[in-house]
Amino acid sequence: MKILGVTACTTGIAHTYMAAEAIAEAAKKKGLDVKVETRGSIGVENELTAEDIQSADAIILACDTTVPMERFKGKKVLSVAVAEALKSTEELIEKALQAPVYRGEDLVDEVAKIKEERKGQRKGAYKHLLNGVSFMIPFVVAGGIAIALSFLFGYDAFQQEGTLAAYLMGIGGGAGAFGLIVPILAGYIAYSIADRPGLAPGMIGGMIAVQLNAGFLGGIIAGFLAGYIVLLIKKYIKLPKSLQGIMPVLIIPVLGSLSVGLILFYIVGTPVAAINDAMNNFLAGLSGTNAVVLGLIIGLMMAFDMGGPVNKAAYAFGTGTLAAGAGSMTMAAVMAAGMVPPLGLALATVLFKQKFSKAEREAGKAAWVLGASFITEGAIPFAAADPVRVIPSIMLGSAITGGLSMFFKATLSVPHGGIFVFFAIENVVGYLVAIVIGTVVTALTVGTIKKVV
Numbered sequence: 001m002k003i004l005g006v007t008a009c010t011t012g013i014a015h016t017y018m019a020a021e022a023i024a025e026a027a028k029k030k031g032l033d034v035k036v037e038t039r040g041s042i043g044v045e046n047e048l049t050a051e052d053i054q055s056a057d058a059i060i061l062a063c064d065t066t067v068p069m070e071r072f073k074g075k076k077v078l079s080v081a082v083a084e085a086l087k088s089t090e091e092l093i094e095k096a097l098q099a100p101v102y103r104g105e106d107l108v109d110e111v112a113k114i115k116e117e118r119k120g121q122r123k124g125a126y127k128h129l130l131n132g133v134s135f136m137i138p139f140v141v142a143g144g145i146a147i148a149l150s151f152l153f154g155y156d157a158f159q160q161e162g163t164l165a166a167y168l169m170g171i172g173g174g175a176g177a178f179g180l181i182v183p184i185l186a187g188y189i190a191y192s193i194a195d196r197p198g199l200a201p202g203m204i205g206g207m208i209a210v211q212l213n214a215g216f217l218g219g220i221i222a223g224f225l226a227g228y229i230v231l232l233i234k235k236y237i238k239l240p241k242s243l244q245g246i247m248p249v250l251i252i253p254v255l256g257s258l259s260v261g262l263i264l265f266y267i268v269g270t271p272v273a274a275i276n277d278a279m280n281n282f283l284a285g286l287s288g289t290n291a292v293v294l295g296l297i298i299g300l301m302m303a304f305d306m307g308g309p310v311n312k313a314a315y316a317f318g319t320g321t322l323a324a325g326a327g328s329m330t331m332a333a334v335m336a337a338g339m340v341p342p343l344g345l346a347l348a349t350v351l352f353k354q355k356f357s358k359a360e361r362e363a364g365k366a367a368w369v370l371g372a373s374f375i376t377e378g379a380i381p382f383a384a385a386d387p388v389r390v391i392p393s394i395m396l397g398s399a400i401t402g403g404l405s406m407f408f409k410a411t412l413s414v415p416h417g418g419i420f421v422f423f424a425i426e427n428v429v430g431y432l433v434a435i436v437i438g439t440v441v442t443a444l445t446v447g448t449i450k451k452v453v
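This is the structure we're talking about:
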């Protein structure tokens, strides 16, 4: 006969492992095969497989926290507090063998089963990436809407301290929600890879990526680095049982964060700075050449990393061309190209619903507002989930928009604001045509090459 167990306490440090050991010892005394899954602060260990569950005669859940139940449908399940497994373990085994069969709630169970099957089909890096994206989306939406509301009072109204516009920008901008986008993405990529111990090193790595102006691509690198470094620490650093409690609260966070941080500072930081300098010099060299070519290149840069170093270099170059009271064709191309990625993806979620998840379709609704407000970061959730298909699509649309904006000789005399500063645009009709064409091209391209979800 075979007994399975799952143990989990609220802190996930001591009782989780003590209860697991007690169940294993009691089962062995009775001559039973046994396997116990622990769900502690170090993550899920000794996880029960479908084969384990299929061959089990009974399952003991000694848990003070919620655990996935749908996998146990059709098996005898006894659920108790974790402390009870430490007091009368042998009696629990007898009770488990006589326990009722867990039936679950059919509809809920069926839905959960389908979700689990779909999750199981997402393997490796893609699965981890999607986990980070799913946690990041609310921050992008909340921050973007707050920034857009701030612009309603004027493109620079937030600069006046103590005003509602300033507070809205504080909620949504770099000091608020937008400052958390990359750390959340990195943290939950690492969480998906290494469970809870990966969260702190991942988020710290994400914050460092922000400091280095490495953008969301830097955050993805930080998340994967943190996750796999933590896995290595868990695998190769073994402490006596009496000291295992300090692994998740001391050893892993400290070693993981130091390792990720130093790698990012020494290996990522210098190249990012060099790339920024090279791009500024490159754009400065182009400023005297064909305007349409410059617009195409600016469009490519604005869409490439959506708020990262390449995007920022193009934006900084555009703002540098502004003169007091005079409009700039370059600045107009920068803003138009930066509006297209969220707008194009928002349109794609309407035209090609079957190619986006429910969460992405909801994010698409917010992307209309973000794109209209020149918040390019509204495209990040889509690009992070499927970079190979989404990034080339938005780069194509933005490049066309940047080139057309230059072709129509549209000018802009302010550095930000989206539709809220259209009063500051000369040849606004040509400008709108450029944005609409780029938006449609982006939507059709991503809709054509993206796979059905």
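Residue numbering for the sequence shown follows our numbering, beginning at 1 and increasing consecutively.
Even glycine gets a Cβ: it sits at the ideal position worked out from N, Cα and C.
Is G371 closer than 9 Å to G418 when the C-beta atoms are compared?
yes
Report the residue from L185, K238, G245, K241 whose alpha carbon sits nearest the alpha carbon of A222.
L185
Coarse secondary structure for I237, derived from DSSP in three states
coil
Taking the beta carbon of L412 as the centre, do at least 16 other beta carbons fall within 10 Å, making it buried, or is it exposed?
buried
So, for A456: in the same chain, excluding its five sequence neighbours on each side, which residues have a beta-carbon less than 6 Å away from its beta-carbon?
Residue 456 falls outside the range modelled here, since the chain spans only 1 to 453, and no answer is possible.
Quick check: the Cα distance between T319 and I189, rounded to an integer number of angstroms?
34 Å
Please work out which residues of its chain come closer than 6 Å, Cβ to Cβ, to Q121, disregarding the five sequence neighbours upstream and downstream, and give them in chain order.
With a pLDDT of 46 at Q121, under the threshold of 50, the modelled position of this residue cannot be trusted; read the value that follows with caution. Same-chain partners within the cutoff: there are none.
Quick check for students: name the residue ranges of the beta strand (DSSP E) that lie wholly in the stretch 7 to 32, counting only runs of 3 or more.
none
Using three-state DSSP, classify G43 as helix, strand or coil.
strand
Could you give the uninterrupted runs of the alpha helix (DSSP H) lying entirely in the stretch 156 to 200, keeping only those of 4 residues or more?
164 to 172, 177 to 194
With distance defined between alpha-carbon atoms, name the residue in A125, V446, E70, F151 nearest to A50.
E70
Look up S79 in the DSSP assignment and give the residues it is bridged to.
L61
Name the residue from F382, F352, G338 whose alpha carbon lies nearest to the alpha carbon of V436.
G338
Comparing the C-beta of A166 with each C-beta of chain D, is any distance below 9 Å?
Included in the structure is just one protein chain, with no chain D present.
Hey, is the stretch 402 to 412 in contact with the stretch 128 to 147, meaning 3+ C-beta pairs nearer than 8 Å?
no
In three-state DSSP terms, what is S259?
helix
Residue from Y431, K409, P392, V421 with nearest C-alpha to K450
P392
Return yes when the Cβ of S192 is within less than 9 Å of the Cβ of G132, no when it is not.
yes
Would you mind giving the Cβ-Cβ distance between G219 and V182, rounded to the nearest angstrom? I have them listed as a contact below 8 Å.
4 Å
State buried or exposed for K238, treating a residue as buried only when at least 16 other CB atoms are found within 10 Å of its CB.
exposed
Shortest alpha-carbon distance to A42 belongs to which of A200, A22, G172, V268?
The residue asked about is misnamed: residue 42 is Ile in this sequence, not Ala. For the residues A200, A22, G172, V268, the minimum Cα distance to I42 belongs to A200.
Apart from the five residues on each side of it in sequence, which residues of its chain come closer than 8 Å, Cβ to Cβ, to I298?
L283, A314, F317, G318, T330, A333, V334, A337, G402
Through-space distance from L225 to L232, alpha-carbon basis
11 Å
Excluding the 5 residues preceding and the 5 following G364 in the sequence, name in chain order all residues of the same chain whose CB lies nearer than 6 Å to its CB.
A346, T349
Using a Cβ-Cβ cutoff of less than 7 Å, which residues in the same chain neighbour A443 once the five nearest sequence positions on both sides are dropped?
G344, L347, A348, L351
Go ahead and pull the three-state DSSP assignment for E117.
Residue placement at E117 is flagged as unreliable, the pLDDT there being 48, under the threshold of 50; a coordinate-derived value is accordingly withheld.
Since A384 and P342 should fall inside the 8 Å C-beta cutoff, what is the C-beta to C-beta distance between them, to a whole number of angstroms?
Incorrect: roughly 13 Å between the Cβ atoms, too far for contact.
Apart from the five residues just before and just after G269, which ones in its own chain have a Cβ nearer than 6 Å to its Cβ?
L212
Compare the Cα-Cα distances from I252 to each of A291, I204, L264, P271 and report the closest residue.
I204
Contact defined as beta carbons within less than 8 Å: I believe H128 pairs with V82. What is the distance between those atoms, to the nearest angstrom?
With a Cβ gap of about 29 Å, H128 and V82 do not count as contacting.
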